[in-house]
Amino acid sequence: MSLQNKPVGMPKKKSHAGRYISVAVLVIVTLIMLLPVFYMISTALKSNVEIRKVPPTIIPSQLHFENFGLIFSKIRFGTYFFNSIFVAVLVLIGTLLSSSLVSFGFARYKAREKNLLFMLLLSTLMLPYPALIIPQYLLFRNIGWVDSFLPLIVPSFFGSAYMIFLLKQFFSSLPNDLFDAAKIDGCSEFRTWWNIALPLCKPAMATVSIFTFLWTWNDFITPVIYLNTDSKFTLPIGMSGMISAFRLIPWNLIMVGSIYSLLPIFILFFIAQKYFVEGIVLTGLK
Amino acid sequence: MKLNENGRQRLNLYIFLSPWIIGLLVFTLYPIISSLFYSFTDYNIIDAPRFIGIRNYTDLMNDDLFFKSIKVTLYYTCLSVPIQLILSLALALLLNQKVPFMGFFRTSLYLPSMVSGVVMSLLWLWIFNSDFGLLNYLLSLAGIKGPMWLMDESWAIPALILMSLWLTGSGMVVFLAALQGVPVSLQEAAVLDGAGKWQQLRVITLPMISPIILFQLIMGIIDSFQTFTQAVVMTRNGGPHYATYFYVFNLYTNAFKNYKIGYASALGWLLLVTVMLLTYLIFKLSDKYVYYEGGQN
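So the protein lines, in turn, are chains A and B.
Mapped onto my numbering, the consecutive letters of the first sequence carry residue numbers 2 to 287.
Mapped onto my numbering, the consecutive letters of the second sequence carry residue numbers 2 to 298.
Shown next, in the form of structure tokens:
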């Protein structure tokens, strides 16, 4: 750093001290935030006796890796995990297909009422889901879909307002000439969407995929309302049942289950961190 | 039939939009309208709905649990949302000063936000455990005897607020991106004019990111009004003396446990109207008090 670049009257020492304090604060806050995660792992490796020790041990005296296998025999963890994967993958397919189709329509075609329709889309972003669940439940009950995965999956094939909004921003940034050229070459509208627009939007689709997966994987309220049979439970319901299913709460196994259920999300995060950050920023959401 | 260019554009628009339009009608508009209808009926799912006028709404006014649930929800919202907002902004400001290992800090602080509501609730239930929990152990090291947290009527909501701070990282990432969008030239100009760090923050940085702050605030409040998972997982029946009986918990109990569909629909409609009014009000306010770049003069 050369001296000439330094603005006049800025004491150098003070700003350095400030930097150190900032880093110190960040280190402390980060440690506090990570402590529960560490305790999750530590509890997962403890024996049934050690989880009830007073005072609690921070590091297990003996590492019980067999807990990671035990959970599959004590509860139907494998079933829950598979159900969650099944639902999340189908919701992902539905959301990607429908949202990209709709957002392409919004970006490419013109009509006087288009802005009005887009405002309508935006206004549904704010709708509180709990206000809609009762009539939606009655609707699905009337067609006999309660206690099946259909109410969790089928709505995703009709587009998600967030994802449509997000993808539309990307599609709008593509030059219209590109699509016109495709048309002149005899490409149908659907093929333009499938063969030209979609491949160009891979980054946006990655963001959409990650967040759709994350939200579906973590969703609690929808499955808790629609699913009644143990063999159909997704991970969040199956795991929430663990605190009432046993005489003594198996905290070590609950933490094992938590680690397993976080695994796909963490893997996704480390593969596609860039898209994660973009998504959070674009939707302004968690 | 031959269409002119405008007609063809419109036809294509509606073809591509059709999944969303059908979804909107079936999964959004129909539910909104039918729940308004149900809110004027007495309906237990088995017998046909019976029209009872506004009785569900007048019953609400005499329902202590209804008022209790509003109190609980507001208490939680009024504390957790502002604290989270300030904390996430502060962390973003710290991270924005070219600190070393920024990527590591950002990832670590964001990590808890990826955890599902159920896993977070189970983990913190364990941490808050009054006998074997980590939190009271750490407090005891400092010579403090920790409360019973979720089992204690007056500590249940503070416990949930404390837990909500674990999710500060998601707001921080948004603020960090907003801060990185503030033009450096403006800050340099301020420095040349002799502005200190604090003045830069107050006069330039905060006004520049005020739309994001407002958006985070609205979304935070709307989200918080819908708190459900934590309450159900951590306190099965709404906690001691209904201490954690959140608004949506009340709605859920009435609809899916007591099968008072009409009554619960009235609760749903009140929530809908409240959220819509709130959104409208804050957007109106934002025209007045928030700085938008390139906006009105």
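Even glycine gets a Cβ: it sits at the ideal position worked out from N, Cα and C.
Interface flag, B:P241 vs chain C, CB-CB below 9 Å
The displayed structure is made up of protein chains A and B, and chain C is not among them.
Going by DSSP in three states, B:F52 sits in which element: helix, strand or coil?
strand
Outcome for A:G95 when other beta-carbon atoms lying within 10 angstroms are tallied against a minimum of 16:
buried
Indicate whether at least one CB of chain B lies closer than 9 Å to the CB of A:Q170.
no
Can you name the residues that DSSP bridges to B:T42?
B:F52
Reduced DSSP secondary structure (H/G/I, E/B, other) of A:R77:
coil
Cβ of A:R109 within 9 Å of Cβ of A:N177?
yes
To the nearest angstrom, how far is it from the Cα of A:M240 to the Cα of A:A45?
14 Å
For a quick check, are the C-beta atoms of A:I154 and A:L91 less than 9 Å apart?
yes
Is the number of C-beta pairs between the segment 178-189 of chain A and the segment 50-64 of chain A that are closer than 8 Å three or more?
no
Closest Cα partner of B:M149 within the set B:F247, B:I47, B:D132
B:D132
Rounding to the nearest angstrom, what Cα-Cα distance links B:M173 and B:F106 in this structure?
11 Å
Boundaries of the alpha helix (DSSP H) in which A:T223 is found, first to last residue
222-227
Measure the Cβ-Cβ separation of A:I59 and B:L163 and say whether it is below 9 Å.
no
Using a Cβ-Cβ cut-off of 9 Å, state whether A:K13 counts as contacting chain B.
Low confidence applies to A:K13: its pLDDT is 45, below 50, so where it sits in the model is not reliable enough to give any reading.
Relative to chain A, which residues along the segment 245-278 of chain B have a C-beta separation below 8 Å, given in chain order?
V249, L252, Y253, A256, F257, I262, A265, S266, G269, W270, L272, L273, V276, M277
Put A:A112 into one of helix, strand or coil per three-state DSSP.
coil
Have a look at B:L187 and A:R53 and give me their C-alpha separation to the nearest angstrom.
57 Å
N- and C-terminal bounds of the alpha helix (DSSP H) containing A:W195
Neither: A:W195 is in no alpha helix (DSSP H) and is coded neither H nor E.
Delimiting residues of the alpha helix (DSSP H) encompassing B:C79:
65-96
Using the beta-carbon of each residue, which ones in chain A are nearer than 8 Å to B:W167?
M34, P37
Backbone CA spacing between B:N45 and A:L117 [nearest angstrom]:
38 Å
Please report whether the beta-carbon of A:L128 lies at a distance below 9 Å from any beta-carbon of chain B.
yes
Rounded C-beta distance between B:S89 and B:T169? I'm assuming under 8 Å.
5 Å
Near A:K89, what residues of its chain come up, given a Cβ to Cβ distance below 7 Å and the 5 sequence neighbours on each side ignored?
Checking the sequence, you will find Ala at residue 89 of chain A rather than Lys. Within the same chain, A:A89 has close Cβ partners F214, T217, W218.
When the distance is taken between beta carbons, is B:L18 closer than 9 Å to A:F69?
no
Tell me which residue opens and which closes the alpha helix (DSSP H) that A:V155 is part of.
Note, A:V155: premise wrong, no alpha helix (DSSP H); not H, not E.
So for A:L126, helix, strand or coil by DSSP?
coil
Using a C-beta to C-beta distance shorter than 7 Å, which residues of chain B count as neighbours of A:K115?
L14
Does the segment 262-269 of chain A come into contact with the segment 112-121 of chain B, if we say contact requires no fewer than three beta-carbon pairs (one atom in each stretch) closer than 8 Å?
yes
Would you call B:I128 buried or exposed, if buried means 16 or more other Cβ atoms sit within 10 Å of its Cβ?
buried
Quick check: the segment 228-243 of chain A against the segment 69-86 of chain A, are there 3 or more CB pairs under 8 Å?
yes
Give me the chain B residues within the contact set of A:F82, using Cβ-Cβ distance strictly less than 7 Å, ordered along the chain.
In chain order: nothing, as chain B lies at least about 13 Å away.
Closer than 8 Å, Cβ to any Cβ of chain A: which residues of the segment 191-209 of chain B, in chain order?
V192, L193, G195, K198
Buried or exposed for B:L161, going by 16 or more other Cβ atoms inside 10 Å?
buried
What would DSSP say about B:P184, mapped onto helix, strand or coil?
coil
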